[in-house]
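See structure below.
Protein chains: 2
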Amino acid sequence: MTHVFDEAIVLAPVATAAGHVVRATTHPAYANMVGPFGGITAATVINGIQQHPDVLGDPLALTINYVAPIAYGDWDLDLQAVRTNRTNQHWVFTINQEDHIVATGSAVFGVVRDTWADTEPTPPEAPPADEVEATDFVEFIEWAKQYDKRFVVGGLAEEKNDDSTSTVWLRDQPARPIDFPSLTSMADCFFPRVFLRHGAYMPAGTISLTVYFHATAEELAAHGTDHVLGTARGARFGHGHFDQYGQLWSGDTLLATTHQLVYYKDPA
Amino acid sequence: MTHVFDEAIVLAPVATAAGHVVRATTHPAYANMVGPFGGITAATVINGIQQHPDVLGDPLALTINYVAPIAYGDWDLDLQAVRTNRTNQHWVFTINQEDHIVATGSAVFGVVRDTWADTEPTPPEAPPADEVEATDFVEFIEWAKQYDKRFVVGGLAEEKNDDSTSTVWLRDQPARPIDFPSLTSMADCFFPRVFLRHGAYMPAGTISLTVYFHATAEELAAHGTDHVLGTARGARFGHGHFDQYGQLWSGDTLLATTHQLVYYKDPA
Numbered sequence: 019m020t021h022v023f024d025e026a027i028v029l030a031p032v033a034t035a036a037g038h039v040v041r042a043t044t045h046p047a048y049a050n051m052v053g054p055f056g057g058i059t060a061a062t063v064i065n066g067i068q069q070h071p072d073v074l075g076d077p078l079a080l081t082i083n084y085v086a087p088i089a090y091g092d093w094d095l096d097l098q099a100v101r102t103n104r105t106n107q108h109w110v111f112t113i114n115q116e117d118h119i120v121a122t123g124s125a126v127f128g129v130v131r132d133t134w135a136d137t138e139p140t141p142p143e144a145p146p147a148d149e150v151e152a153t154d155f156v157e158f159i160e161w162a163k164q165y166d167k168r169f170v171v172g173g174l175a176e177e178k179n180d181d182s183t184s185t186v187w188l189r190d191q192p193a194r195p196i197d198f199p200s201l202t203s204m205a206d207c208f209f210p211r212v213f214l215r216h217g218a219y220m221p222a223g224t225i226s227l228t229v230y231f232h233a234t235a236e237e238l239a240a241h242g243t244d245h246v247l248g249t250a251r252g253a254r255f256g257h258g259h260f261d262q263y264g265q266l267w268s269g270d271t272l273l274a275t276t277h278q279l280v281y282y283k284d285p286a
Numbered sequence: 019m020t021h022v023f024d025e026a027i028v029l030a031p032v033a034t035a036a037g038h039v040v041r042a043t044t045h046p047a048y049a050n051m052v053g054p055f056g057g058i059t060a061a062t063v064i065n066g067i068q069q070h071p072d073v074l075g076d077p078l079a080l081t082i083n084y085v086a087p088i089a090y091g092d093w094d095l096d097l098q099a100v101r102t103n104r105t106n107q108h109w110v111f112t113i114n115q116e117d118h119i120v121a122t123g124s125a126v127f128g129v130v131r132d133t134w135a136d137t138e139p140t141p142p143e144a145p146p147a148d149e150v151e152a153t154d155f156v157e158f159i160e161w162a163k164q165y166d167k168r169f170v171v172g173g174l175a176e177e178k179n180d181d182s183t184s185t186v187w188l189r190d191q192p193a194r195p196i197d198f199p200s201l202t203s204m205a206d207c208f209f210p211r212v213f214l215r216h217g218a219y220m221p222a223g224t225i226s227l228t229v230y231f232h233a234t235a236e237e238l239a240a241h242g243t244d245h246v247l248g249t250a251r252g253a254r255f256g257h258g259h260f261d262q263y264g265q266l267w268s269g270d271t272l273l274a275t276t277h278q279l280v281y282y283k284d285p286a
């Protein structure tokens, strides 16, 4: 049986006069309040590059800009390998729906080289996942139902907070071995930090998302279906925008760091 | 007299059949070890978008990917406004030299809206700039001579460090009122964190740089020619890549946050 995540990121070739275009279809299981969950869109882009015949190595970096609302239905991913160097490869892409661009972005892939290595931060303190209660978001956020979410701090509650930190155990629901597309999607699983600050849902949406992949394919295989420990915090909120910086951990292994810019409006 | 920074980011129109192309020329004052300093290239892109007749508002986000070495000489910036929404505008660009792409990227600009606001982190502890000694990098890094750099912690020294944090007072040299292009360049002024960890120069270069602009034009005008307090730290180093996350402060005002992915090789 195909996992719902794999159903959601599936791509089909599109015949075109030029370039490399593949077609995705938004999946109702990953719907957000308006349009699809940004994480599933980003994951589908990574999947598309991984399936490209010319791909070199594994994901190192992804930036995706959500330039216009994505309508439910088909969307076309136009991929271009701009440059292949000895150890890395640069991609640019656009996502198109009915002749207009709804997203743009770039990615870097690369081969694993052995070098000196170290990780400076430590994972946030957290009891084991099975000792933390699983929580649901509100009924109308479909994509969140596809994740087992166990908030250590900063769950969604109806109270204001001075600190926008969320630390959360995350896993696909049902469990699925982690890979680069699912890691990408998890990097966007932190709900907008303004919700936490205000203890309320507000109009908000990601404008630009960057993910740096520190994990190797081997590390992801070793992680398997366990929960990932995620942590995210906003820095400055103002003039209708804020950033949030996050980390995703597998034990002491830092799998990914992520930074995103989010649009918001004050609650009415 | 024109400031050397303004000389370095100047752009001239290029007649083209389609699109909007402007031409820059690398400036010897901002040379790096190989090719131009990435910060000045990023600053020139912001300058190019600001000068575009269709620009909406001020910079909110920039991602630039350094896909191939930039040769000293002319380079062409091909700018495309992908989408203009009510309050923001999405750009994509490529930088071309002699018919090949040397950089790609995207930017978001937007208008200032009044909303609820807060800043969560506080600036790093630092004595006033005039109480910290100014330092030079090695002779062959030209661009660094264009900055007054006063390291509070994490200056370049011939010793290994377990912590890759640098905190530094930064200012154009000679002093110049800060603006969005110069803030962009300062976001790349943190030398590669591997130098600090190893107490040595090593082969290293930025692959992808993202800057989120939290400052308004009004805040930059109020800052004037004072030093900016910057701080940056790496998270995970391994397999030839690491990230570094940084913040740039004007007093208690967080001007920008930045995240970059850097390539490195072990010292021979």
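Protein sequence lines correspond, in order, to chains C and X. Here my numbering is used: the first residue of the first sequence is 19, the next is one more, and so on. Here my numbering is used: the first residue of the second sequence is 19, the next is one more, and so on. Idealized CB from N, CA, C, for every residue including glycine.
Practice task
Return the first residue and the last residue of the beta strand (DSSP E) that PRO77(X) is part of.
Solution key: Here the question's residue 77(X) lines up with position 59 in the second sequence. Run containing PRO77(X): 76-84, per the beta strand (DSSP E) assignment.
Exercise for the section: Can you pull the chain X residues whose beta carbon is under 9 angstroms from the beta carbon of TYR219(C), in chain order? Expected result: Position 201 of the first sequence, counting from 1, holds the residue named residue 219(C). Within chain X, no residue comes near TYR219(C); the closest Cβ sits about 14 angstroms away, beyond 9 angstroms.
Handout entry: VAL229(C) in three-state terms, based on DSSP
Key = Residue numbering aside, residue 229(C) sits at position 211 when the first sequence is read from its first letter. Residue state, collapsed to three classes: strand.
Problem - Rounded C-alpha distance that separates TYR230(C) from TRP187(X) - result: For the purposes of this step, residue 230(C) is identified with residue 212 of the first sequence, where counting begins at 1. For the purposes of this step, residue 187(X) is identified with residue 169 of the second sequence, where counting begins at 1. Here the alpha carbons of TRP187(X) and TYR230(C) stand approximately 27 angstroms from one another.
Practice task
Could you name the residues that DSSP lists as bridge partners for ASN114(C)?
Solution key: For the purposes of this step, residue 114(C) is taken as residue 96 along the first sequence, with counting starting at 1. Beta-bridge pairing by DSSP links ASN114(C) to ASP94(C), ILE119(C).
Practice task
Confirm, please, whether the CB-CB distance from ASP96(X) to THR112(X) is below 8 angstroms.
Solution key: Counting from one through the second sequence, the residue named residue 112(X) turns up at place 94. Counting from one through the second sequence, the residue named residue 96(X) turns up at place 78. Against a cut-off of 8 angstroms, the Cβ pair of ASP96(X) and THR112(X) comes out as a contact.
Practice task
Taking only runs that begin and end inside the segment 202-279 of chain C, name each unbroken alpha helix (DSSP H) of 4 or more residues, in chain order.
Solution key: Qualifying alpha helix (DSSP H) stretches, in chain order: 211-216, 235-241.
Practice task
Indicate whether at least one CB of chain C lies closer than 8 angstroms to the CB of GLU176(X).
Solution key: By 1-based counting over the second sequence, the position of residue 176(X) is 158. No, its Cβ sits nowhere closer than 8 angstroms to a Cβ of chain C.
Practice task
Leaving out five residues on either side along the sequence, give the residues of the same chain with a beta carbon under 7 angstroms from the beta carbon of GLU25(C).
Solution key: As a working note, residue 25(C) is residue 7 in the first sequence. In the same chain as GLU25(C), and ignoring 5 residues on each side of it, the C-beta atoms closer than 7 angstroms to its own belong to HIS45, in chain order.
Problem - Distance, LYS283(C) Cα to GLU276(C) Cα - result: For this step, residue 276(C) is matched to residue 258 along the first sequence. For this step, residue 283(C) is matched to residue 265 along the first sequence. According to the sequence shown, residue 276(C) is Thr rather than Glu. One C-alpha to the other measures close to 23 angstroms.
Practice task
Using a Cβ-Cβ cut-off of less than 8 angstroms, list which residues of the segment 266-284 of chain X approach chain C; keep chain order.
Solution key: Taking 8 angstroms as the Cβ-Cβ cut-off, the segment 266-284 of chain X approaches chain C at LEU272, THR275, HIS277, LEU279, TYR281, TYR282, LYS283, ASP284, given in chain order.
Handout entry: Whole-number beta carbon distance between ASN114(X) and GLY128(X), since they are thought to touch under 8 angstroms
Key = Here residue 128(X) refers to the residue found at position 110 of the second sequence. Here residue 114(X) refers to the residue found at position 96 of the second sequence. With 8 angstroms as the limit, GLY128(X) and ASN114(X) do not qualify as a contact, their Cβ atoms being about 27 angstroms apart.
Problem - CA nearest to the CA of GLN265(C), picked from ILE159(C), ALA42(C), ALA274(C) - result: Locating residue 265(C) in the first sequence gives position 247, where the first residue counts as 1. Put simply, of ILE159(C), ALA42(C), ALA274(C) the residue whose alpha carbon is nearest the alpha carbon of GLN265(C) is ALA274(C).
Practice task
Could you give the DSSP three-state label for VAL73(C): helix, strand or coil?
Solution key: For this step, residue 73(C) is matched to residue 55 along the first sequence. It is coil, neither helix nor strand.
Handout entry: Residues sharing a beta bridge with THR20(C), DSSP
Key = Taking the first residue of the first sequence as 1, we reach residue 20(C) at position 2. Beta bridge pairing from DSSP links THR20(C) with no other residue.
Practice task
Check whether the Cβ atoms of SER184(X) and THR249(X) sit closer than 8 angstroms, and answer yes or no.
Solution key: Mapped onto the second sequence, residue 184(X) falls at position 166. Mapped onto the second sequence, residue 249(X) falls at position 231. The beta carbons of SER184(X) and THR249(X) sit closer together than 8 angstroms.
Handout entry: Beta-ladder partner(s) of GLY128(X), from DSSP
Key = Within the second sequence, the letter at position 110 stands for residue 128(X). Residue pairing from DSSP places GLY128(X) in a beta bridge opposite ASP76(X), ASN106(X).
Practice task
Using alpha carbons as the reference points, say which of THR153(C), ILE119(C), GLN98(C), TYR90(C) lies closest to TRP109(C).
Solution key: Numbered from 1 along the first sequence, position 91 holds the residue referred to as residue 109(C). Measuring from the Cα of TRP109(C), the nearest candidate turns out to be GLN98(C).
Problem - Near-chain C residues of the segment 246-260 of chain X - C-beta to any C-beta below 7 angstroms - result: Result list: ARG251, GLY252, ALA253, ARG254, PHE255, GLY256, HIS257, GLY258, HIS259.
Problem - Contacting residues, own chain, Cβ-Cβ under 8 angstroms from ALA218(X) (five flanking each side not counted) - result: To locate residue 218(X), count along the second sequence from 1; it is residue 200. Cβ neighbours of ALA218(X) within its own chain (closer than 8 angstroms, five residues either side excluded): GLU176, PRO285.
Problem - THR185(C), enclosing alpha helix (DSSP H) - first and last residue - result: On the first sequence, residue 185(C) is found 167 positions in, with the first residue counted as 1. Looking at the DSSP string, THR185(C) is not in any alpha helix (DSSP H); the run it does join, the beta strand (DSSP E), is 184-190.
Exercise for the section: Using three-state DSSP, classify ASP148(C) as helix, strand or coil. Expected result: Mapped onto the first sequence, residue 148(C) falls at position 130. For ASP148(C), the three-state secondary structure derived from DSSP is helix.
Handout entry: Residues that ARG189(X) contacts on chain C, provided the C-beta gap is smaller than 8 angstroms
Key = Within the second sequence, the letter at position 171 stands for residue 189(X). The contact set of ARG189(X) on chain C, defined by CB atoms closer than 8 angstroms, is empty, because the minimum CB distance reaches about 22 angstroms.
Practice task
Report the partner residues of ASP166(C) according to the DSSP bridge assignment.
Solution key: Locating residue 166(C) in the first sequence gives position 148, counting from the first residue. ASP166(C) pairs with ARG189(C).
Problem - DSSP state of VAL52(X) mapped onto helix, strand, coil - result: Numbered from 1 along the second sequence, position 34 holds the residue referred to as residue 52(X). In the three-state DSSP reduction, VAL52(X) falls in the coil class, being neither helix nor strand.
Exercise for the section: Closer than 8 angstroms, Cβ to Cβ, to anything on chain C: give me those residues from the segment 120-150 of chain X, in chain order. Expected result: Look at the segment 120-150 of chain X: the residues with a C-beta under 8 angstroms from a C-beta of chain C are THR122, GLY123, SER124, VAL126, GLY128, VAL130, ARG131, ASP132, THR133, TRP134, ALA135, ASP136, THR137, GLU138, PRO139.
Exercise for the section: Decide if the segment 251-260 of chain C is in contact with the segment 37-55 of chain X; the criterion is three or more beta carbon pairs, one per stretch, under 8 angstroms apart. Expected result: No, because fewer than three Cβ pairs between the segment 251-260 of chain C and the segment 37-55 of chain X fall closer than 8 angstroms, the two stretches do not touch.
Handout entry: Run of the beta strand (DSSP E) containing VAL40(X), from where it starts to where it stops
Key = Residue mapping note: residue 40(X) aligns to position 22 of the second sequence, counting from 1. Where VAL40(X) is concerned, the enclosing beta strand (DSSP E) stretches over 38-43.
Practice task
Report the neighbours of VAL40(C) on chain X: residues whose CB is nearer than 7 angstroms to its CB, in chain order.
Solution key: As a working note, residue 40(C) is residue 22 in the first sequence. What VAL40(C) touches in chain X: nothing, since even the nearest Cβ is about 20 angstroms away.
Exercise for the section: Could you work out which residues of chain X lie near ARG101(C), taking near to mean beta carbons separated by less than 7 angstroms? Expected result: Mapped onto the first sequence, residue 101(C) falls at position 83. Chain-ordered, the chain X residues with CB closer than 7 angstroms to the CB of ARG101(C) read VAL85, ALA86, ILE119.
Handout entry: Listed by chain order, chain X residues near VAL28(C) by CB distance under 7 angstroms
Key = Residue mapping note: residue 28(C) aligns to position 10 of the first sequence, counting from 1. The contacting residues do not exist; VAL28(C) stays about 26 angstroms from chain X at best.
Exercise for the section: Find the nearest neighbour of VAL100(X) within the set ARG104(C), VAL120(C), PRO71(C), TRP93(C), judged by alpha-carbon distance. Expected result: One-based indexing of the second sequence puts residue 100(X) at position 82. Ranking ARG104(C), VAL120(C), PRO71(C), TRP93(C) by CA distance to the CA of VAL100(X) puts VAL120(C) first.
Problem - Rounded distance between the beta-carbons of LEU78(C) and LEU279(X), thought under 8 angstroms - result: As a working note, residue 279(X) is residue 261 in the second sequence. As a working note, residue 78(C) is residue 60 in the first sequence. Yes, LEU279(X) and LEU78(C) are in contact; Cβ-Cβ is about 6 angstroms, under 8 angstroms.
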